[in-house]
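J.: Input: one structure, supplied below.
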Amino acid sequence: MDTTSSRLNKAMILPALLFLLILFYFPLAFIAGLSVNAPNLSAANYERFLANETMLRVGLRTFLYAGLVTVTCRVLGYPLAVFLSRMAKAGRSYLLVCVILPYLTSLLVRTYAWMILLSDHGLINSALLGVGIIDRPLPLLYSTFGALVGMVHLVLPAMVLPIYAVVHGMNPEQMRAAKALGGGPLRSFLEVFLPQTLPGVRAGCILVFAISLGFYITPAALGSPRDLMLSNIIAKLVESLLDFGYASAISVILLAATIIVYAFLGGGLGGMVKGGAQGSSGGERRASLPSRMAKAVGNAGPMAGLQRWLWDRNIGRSARHALPFHVLWYAFSILTLLFLILPSVVVVIMSFTGEDTLGFPPESWSLRWYKTFFANRTMTNAAITSFWIAISSSLLALFLGITASYALVRGNIRGSQFLYTLILAPMIIPSVVAAVGIYKVFAAWGIIGSVPGVLLAHTPGSLAYVVIILSGTFMGLDRRLEMASASLGASRLRTMFRVVLPLVAPGILAAGIFSFIHSFDEIVITSFVAGVTLQTLPQQIWLIIQYQIDPQIAAVSTMIMILPFIALPFFRRR
Amino acid sequence: MTGEASSADHASGPRDGATRAQATAAEATGSVSAEFIGVTKSFGQVNALEDVSLAIRPGEFLTLLGPSGSGKSTLLTLLAGFDQPTSGTITIGGKEQTRVPPNRRNQGIVFQSYALFPHMSVHDNLAYPLSARGIRGAEREQLIHQALERVRMSGYGGRYPSQLSGGQQQRVALARAIVFNPPLLLMDESLSALDRNLREEMQFELKELHERLSATIVFVTHDQAEAVTMSDRIAVLNKGRLVQLAPPATLYKEPVNTFVARFLGEANLIEGIVDSHDGEYVRLTTTTGHGLLAMSKRKHSRGERVITMVRPEGVECALIRSTDRGAAADAVKSLPATVERVVFLGDFHRYWLRVNDVQLIMKAPCSARNRTLEPGDRLDLSIHASDLRVIEA
Amino acid sequence: MKPSLRAAALAASLVGLSVGQAPAQALNVFVSGGAFADAVIEAFVKPFEAETGITVNAVKSEMPFPKWSLAVETNTVDFDVALTSLGFGLQLWQAGAMTPIDYSIYDAKELEGLAPQFRPEWGVAAIVNGLVLAYNTETLPEGKRPQSWADFWNVEDFPGTRTLMVPYIGTSSLPEALVADGVPLDQIYPLDVDRAFRKLDEIKPHIRKWWESASEAQQMFNAGIVDMGLSFDGRIVALQKAGKPIAFTFNGARYYASYWAIPKGAAHVTEAQRFVEFATRGANQATMTKIMGYSPPNRTAFEHLPADLASSLITAPDNIKMAYPMDAGWYAAVGPDGKSNSERILERWQEWIIK
């Protein structure tokens, strides 16, 4: 790119950086100061962590679980994403909403649904007992298995959507390789199609890994007593011991360890950004060792392994007798989809109960809990407030995120790996730690308890989602289309709006959905920043479920789930 | 712009957008010259282009030819405005354009991958450059219609690129690049992705189109045959330098050095020592000890070591012999050779011959008069002085 | 709409949202959420407004403990009254983040109705929670239902899935272990931590889930996931009202209160003091009890309660004899190493639980 436009491309990262510096890193610096006991510097908090064997073990487990969740999501998510991209347009959008259903169901309600599904007398055990596969209930709930199921379920959409966005934005010619999927030239799929989708896979893995590191409610609620995560301990330190220093020291360690893991996997951060730039300029110049390793992991990862295995076993040798590959593929995808929507289905059914408490299956049916919601001014007002905050916060995040990811992918910025990590950090730092810092700063600015305050506090997290998803999408975008546009006389603005943005629209939509939901579901930072006049819906839901097992929560969740289905026709017209 | 007066002086200054573009598009055609003056482009330590000067004449079909990595695509990229030279200047139509961004250069570009916008129909792809120039309504539709007709794609306006075959996409890409009647059309390996038949068809059509459009076309390829068939002139590049700029026939017959000689067609290289120099003629003794007469454009001094080149079709069989003995000691211009291999090519025979330790290729027409030589046959070769050229290493 | 127009509309709506504020002079009271908050508004807020003419902005939200201390520290206290637990209340008081309660405005009889532990300098008890042994009467037949913590520890004679709680600030399942081990109720504190953990070792393999919140325990009983275990009495009563087959015993139960407290730096201290006094009067607490079924700390409340309701409350004279109060002071006590007993138990727990 010529130097002026390249300078402009580089500069496009500035709004996001500036925003994060002011609204995330400035507050965080205060917290980081506490961790080293500023101004009388001391490493005591860090020594304390490193000397504690329990803490180290919990830390190790945190990364282990995050890795396990990431691998599982890749195995489940890749086939599903490709399957979705091959669906007819109309049905596809609805299925895509099904994919994000887990995100739309409030955390606590969803956890309750899993309790109902996984318990000893729950649906799954009853079904297995009924069929006679087992003769005593499997300990699914309150086991590591339960924790992993809950976590995978929650983050699987974060794997599926980025991959989907890349596959969708791929050149039609490359799509033909996918279309040949049913026909048999699987090798071309493995060698042509799969590598093309790697930016999406990488984005998905980074996203899933980062979110998984921050888990603590789900493993605590569904896992065994041993399934403690680092964030769990950090949250406890802040919430009950007011030990900000130690908590922030552990957060800093968590962040540092994450950066090291990503650097080792290379393909993650810079590899992702640089890899794309190289890909578009025609050849990989010098792949660093880590990025080559990441490539190897990407290619020889479980999914590719599975596909090769299927090829060798079924199609390669006895193509006539084996099940057609695409049948297996479809079956696998549909099962994954079922897994995604199962808890939501339970929630929807429970919402129509006539009983006073949640139960499955309901003993009587009614709409009373919907009426309760609409009769409740606190709830409806909170819903409206949350809606506006989420909309404005995701628009802001989209603006900052689109420019930033474009700059990261096209700007050829030195140190893009580092910048990428900076943008990712709000996702990894436990929100309760960030909340303390943000409160301090917002208090000084006098924006505690205001709508702008809350939405600004939500935006760093949303921004991380947007940048991860969109940098994957931009990388999948053929750079020559932009060059073609310029050569045809289009200004940068026209190129952006007529060519780039329409082509990455699926990615923007995915990013928008994630950032919307991130804000719409945010509770920890909100509880600090919201003052005495501002109430958000998740806060209200959380409070209700703290005090009663109120089916109203299921009703609210059901209505939130229906929203995107209503909104769909508007998006589909495009 | 400071005022009316000055805007008249710089009528085609890049900034007054729509008016100028509209004028250009409406004026139809016209062609421009383009010139690289001392252009160097470095990426880090590596020089992709080194001090390239090249003048492109208005209306010509100029091909940039070279192996991959020779700098031909970089040259095109600079001409298109996607990148800027490290040093040197580029003028288009006589005006300096070195740092003008691509969207203000009014050039049509056809990409190797076509780069059609997948989310737009064929019609919308073609409308795109026109809208960018503020051309709307009936005029726009007229131009689109005309362009589609030119590439014989009328009636495909409603299709999407994914619904077209490779050849059709190629035509649409071409139509999109010419729809606004750019005076300069750049084509980057534009035919490489097509299969052979289609490619030849398109080569022909493109040539024809060039005549009708009267635009200057700069075409990049690594395919010599393609370059030779289509171009008015070819610029051969190697390792970031311009090696030779000439019409195809000249390049073929009078390559300046071994690189060009080998890159364009087959070349027999024979080394020798200059005996004497007379006008254009050089008398020399080959390393194999035989005397030859060659042509050269340079001055040579006696005893100078030179390389000569002759095309396979310039090697002629003077005499077939059964034994060594009859060799005429005074046959200065003849080379005794042995046949090593023969390949029958239908209209031609190709022979691999050996003259001591030098291997030569000879192409001889297959006709009833000529008997086919067999491996092991011995013969005397003659090379006409005008076929034997002294070239640089 | 053009993008710019849309942005303008959005900005306008945002301004509209932040402008819709409560009256500046209103008393900001955090009333927690859900049905509990509704009950607080019904029993305390509305009658208080009617009696005093002071406008109350009942904030349906919890006050996060760290936020309380941050607000005081940064001088941005925007609330006047909030509920806090005993453990957190003590910590905040020690940290100087509380306004002392003005007991001089109390009626003598009301004051006497409040046991000393329910009226520390920094707060007045709002409700009393009992942590009781609950069990499922459907899955457990007669005779197999535990009636004491010793029964609960007896996994041979009382089979079933079990639950206890994880330690938190000022609370843990250590006391239950000591009760099961035969420690008399009046000698539970100071906790013999080593003995308690030894006793917990016995039951550890049989505990299916250590719950983290009251709602989690309630959900487990509701969904039939556990057969017996520790839970809050109020939560079990709620389940019983919904027709769930859950019963409990006050035998060996532990009780503690939630407190109304006023942060340091509150804008309306005088009105806040009046609200706290109003909300802790026996008659008003009785109203709350009638709505929610939670036990009133003020003994005078029983004068206003029907006998059958009174007998189900842990603060009723007959029940409270079987139970013992939680000693938050012991948990909060800081040793020579600078750590409180709470912190020490938490650290030991983390190591113990992942073994």
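Chains as they are written, first to last, in this note's numbering: chain A, 38 to 611; chain B, 2 to 394; chain C, 244 to 598.
Backbone N, C-alpha and C define an ideal beta-carbon position, used for all residues, glycine too.
(1) Where does the unbroken beta strand (DSSP E) through methionine 203 of chain B begin, and where does it stop?
(2) From the DSSP output, which residues share a beta bridge with histidine 278 of chain B?
(3) Output, in sequence order along the chain, the residues in the stretch 248 to 267 of chain A whose CB is closer than 8 Å to any CB in chain C.
(4) Below 9 Å on C-beta distance, what does proline 539 of chain A contact in chain B?
(5) Three or more C-beta pairs under 8 Å: does that hold for the stretch 268 to 278 of chain C against the stretch 303 to 319 of chain C?
(6) Show which residues of chain D have a CB atom less than 7 Å away from the CB atom of alanine 481 of chain C.
(7) Rank A:Ala75, A:Gly526, A:Phe61 by C-alpha distance to the C-alpha of glycine 282 of chain A and give the top, closest one.
(8) Could you tell me whether the Cβ of arginine 441 of chain C comes closer than 9 Å to any Cβ of chain A?
(9) How about aspartate 321 of chain C: is its C-beta nearer than 9 Å to some C-beta of chain A?
(10) Rounded to the nearest angstrom, what separates glutamate 559 of chain A and glycine 549 of chain A at their Cα positions?
(11) How would you write the range of the alpha helix (DSSP H) that arginine 388 of chain C sits in, first residue to last?
(12) Excluding five sequence neighbours on each side, which residues of the same chain lie with their C-beta closer than 6 Å to the C-beta of phenylalanine 220 of chain B?
(13) Measure how close the beta-carbons of phenylalanine 83 of chain B and methionine 533 of chain A come, nearest whole angstrom, since I'm counting them as under 8 Å.
(14) So, do the stretch 106 to 115 of chain B and the stretch 262 to 281 of chain B have three or more beta carbon pairs nearer to each other than 8 Å?
(15) Which residues of chain A have a Cβ atom closer than 8 Å to the Cβ of phenylalanine 112 of chain B, listed in chain order?
(16) If contact means a Cβ-Cβ distance below 9 Å, which residues of the stretch 527 to 561 of chain A contact chain B?
(17) Give the straight-line distance between the Cα atoms of aspartate 224 of chain B and threonine 41 of chain B, rounded to the nearest whole angstrom.
(18) Could you give the distance in angstroms between the alpha-carbon of glycine 330 of chain C and the alpha-carbon of threonine 414 of chain C?
(19) Could you name each continuous alpha helix (DSSP H) segment of 4 residues or more that falls completely within the stretch 222 to 251 of chain B, going from the start of the chain to the end?
(20) Write down the C-beta distance between valine 348 of chain C and threonine 406 of chain C rounded to the nearest angstrom, noting that I regard them as a contact closer than 8 Å.
(21) Which of the three DSSP states is assigned to methionine 363 of chain B in this structure?
(22) In whole angstroms, what separates the C-alpha of serine 215 of chain B from that of serine 232 of chain B?
(23) Just to confirm, is the Cβ distance from glycine 57 of chain A to proline 398 of chain A under 9 Å?
(24) So is proline 248 of chain B in contact with chain A if we call contact Cβ pairs under 9 Å?
(25) Could you have a look at serine 325 of chain A and say whether DSSP puts it in helix, strand or coil?
(26) Identify, in the order they occur along the chain, each residue of the same chain with its Cβ nearer than 6 Å to the Cβ of glutamate 202 of chain B, setting aside the five sequence neighbours on each side.
(27) So what does DSSP say about alanine 420 of chain A, is it helix, strand or coil?
(28) Would phenylalanine 308 of chain C count as contacting chain A if we go by Cβ distances under 9 Å?
(29) Output the distance between the C-alpha atoms of arginine 535 of chain A and alanine 592 of chain A, rounded to the nearest integer angstrom.
(30) Under a Cβ-count criterion, where at least 16 other Cβ atoms within 10 Å of its own Cβ denotes burial, should proline 248 of chain B be classed as buried or exposed?
(31) How would you label proline 236 of chain A, buried or exposed, when you count the other beta carbons within 10 angstroms and need 16 or more for buried?
(32) Comparing C-alpha positions only, which one of A:Gln576, A:Ala494, A:Pro601, A:Leu178 sits nearest to isoleucine 590 of chain A?
(33) Does alanine 48 of chain A have its Cβ less than 9 Å from a Cβ in chain B?
(34) Is the separation between the beta-carbon of serine 528 of chain A and that of alanine 268 of chain B shorter than 9 Å?
(35) Sort C:Arg497, C:Ala485, C:Gly467 by Cα distance to aspartate 476 of chain C and report the nearest one.
(36) Could you please give the first and the last residue of the uninterrupted alpha helix (DSSP H) stretch that includes phenylalanine 455 of chain A?
T.: Checking against the coordinates, here is how it stands:
(1) Taking the first residue of the second sequence as position 1, residue 203 of chain B is located at position 202. Careful: methionine 203 of chain B lies outside any beta strand (DSSP E), inside the alpha helix (DSSP H) at 197 to 214.
(2) Working through the second sequence from its first residue, we reach residue 278 of chain B at position 277. Per DSSP, B:Val283.
(3) Ala257, Ala258, Pro262, Arg263, Leu265
(4) Sequence index remark: in the first sequence, residue 539 of chain A carries index 502 (1-based). Simply Phe118, His120, Met121.
(5) yes
(6) This model lacks chain D altogether; the protein chains it does include are A, B and C.
(7) Position 245 of the first sequence, counted from the first residue, corresponds to residue 282 of chain A. Looking at the Cα atoms, A:Ala75 is the closest of the given residues.
(8) The residue labelled residue 441 of chain C in the question sits at position 198 within the third sequence. For arginine 441 of chain C, the answer is no, since every Cβ of chain A falls outside 9 Å of its Cβ.
(9) Walking along the third sequence from the start, residue 321 of chain C turns up at place 78. With 9 Å as the cut-off, aspartate 321 of chain C counts as an interface residue toward chain A.
(10) As a working mapping, residue 559 of chain A is identified with position 522 in the first sequence. As a working mapping, residue 549 of chain A is identified with position 512 in the first sequence. Taking the straight line joining both Cα atoms gives about 15 Å.
(11) Position 145 of the third sequence holds residue 388 of chain C. Premise fails: arginine 388 of chain C is in no alpha helix (DSSP H) and is neither H nor E.
(12) The count along the second sequence starts at 1 and reaches residue 220 of chain B at position 219. The residues are Thr64, Met188.
(13) Counted from its first residue, the second sequence places residue 83 of chain B at position 82. Counted from its first residue, the first sequence places residue 533 of chain A at position 496. Phenylalanine 83 of chain B to methionine 533 of chain A, Cβ: 17 Å. No contact.
(14) no
(15) Here residue 112 of chain B refers to the residue found at position 111 of the second sequence. Chain A residues near phenylalanine 112 of chain B: Arg517, Met520, Ala521.
(16) Ala527, Ser528, Arg529, Arg531, Thr532, Arg535, Val536, Pro539, Leu540, Ala542
(17) Counting from one through the second sequence, the residue named residue 224 of chain B turns up at place 223. Counting from one through the second sequence, the residue named residue 41 of chain B turns up at place 40. Distance between the alpha carbons of aspartate 224 of chain B and threonine 41 of chain B: 25 Å.
(18) As a working mapping, residue 330 of chain C is identified with position 87 in the third sequence. As a working mapping, residue 414 of chain C is identified with position 171 in the third sequence. Straight-line Cα distance between these residues: approximately 8 Å.
(19) 225 to 231
(20) Within the third sequence, residue 348 of chain C is the residue found at index 105, counting from 1. Within the third sequence, residue 406 of chain C is the residue found at index 163, counting from 1. A small fix is needed here, since residue 348 of chain C is isoleucine in this sequence, not valine. The pair is not a contact, with the Cβ atoms about 43 Å apart (cut-off 8 Å).
(21) Along the second sequence, read from residue 1 onward, the residue named residue 363 of chain B stands at position 362. In the structure shown, methionine 363 of chain B sits in a strand (DSSP, three-state: E or B).
(22) Reading the second sequence from its first residue, position 214 is the one you call residue 215 of chain B. Reading the second sequence from its first residue, position 231 is the one you call residue 232 of chain B. Distance between the alpha carbons of serine 215 of chain B and serine 232 of chain B is about 14 Å.
(23) If you number the first sequence from 1, residue 57 of chain A lands on position 20. If you number the first sequence from 1, residue 398 of chain A lands on position 361. What sits at residue 57 of chain A in the sequence shown is leucine, not glycine. Contact flag unset, no.
(24) Start at 1 with the first residue of the second sequence, and residue 248 of chain B comes out as number 247. Closer than 9 Å: no.
(25) As a first step, residue 325 of chain A must be located in the first sequence, where it is residue number 288. For serine 325 of chain A, the pLDDT reaches just 35, beneath the cut-off of 50, and the residue's location in the model is therefore unreliable, leaving the point undetermined.
(26) Within the second sequence, numbered from 1, the residue matching residue 202 of chain B stands at position 201. So no residue of the chain qualifies.
(27) Indexing the first sequence from 1 puts residue 420 of chain A at position 383. Helix, per DSSP.
(28) By one-based count along the third sequence, residue 308 of chain C stands at place 65. Yes, because at least one Cβ of chain A sits closer than 9 Å to the Cβ of phenylalanine 308 of chain C.
(29) What you label residue 535 of chain A is simply residue 498 of the first sequence in a count that begins at 1. What you label residue 592 of chain A is simply residue 555 of the first sequence in a count that begins at 1. Spanning the two alpha carbons is a distance of roughly 41 Å.
(30) Here residue 248 of chain B corresponds to residue number 247 of the second sequence, with the count starting at 1. It is exposed - the Cβ of proline 248 of chain B has fewer than 16 other Cβ atoms within 10 Å.
(31) Counting from 1 along the first sequence, the entry for residue 236 of chain A is found at position 199. Buried, since its Cβ has 16 or more Cβ neighbours within 10 Å.
(32) Here residue 590 of chain A corresponds to residue number 553 of the first sequence, with the count starting at 1. Among A:Gln576, A:Ala494, A:Pro601, A:Leu178, the Cα nearest to that of isoleucine 590 of chain A belongs to A:Gln576.
(33) Taking the first sequence and counting its residues from 1, the one referred to as residue 48 of chain A is at position 11. No, its Cβ sits nowhere closer than 9 Å to a Cβ of chain B.
(34) Position 491 of the first sequence, counted from the first residue, corresponds to residue 528 of chain A. Position 267 of the second sequence, counted from the first residue, corresponds to residue 268 of chain B. Cβ distance not < 9 Å, so serine 528 of chain A and alanine 268 of chain B don't count as in contact.
(35) Against the third sequence, residue 476 of chain C aligns to sequence position 233. Here the closest residue by C-alpha is C:Arg497.
(36) What you label residue 455 of chain A is simply residue 418 of the first sequence in a count that begins at 1. Phenylalanine 455 of chain A -> alpha helix (DSSP H) spans 453 to 465.
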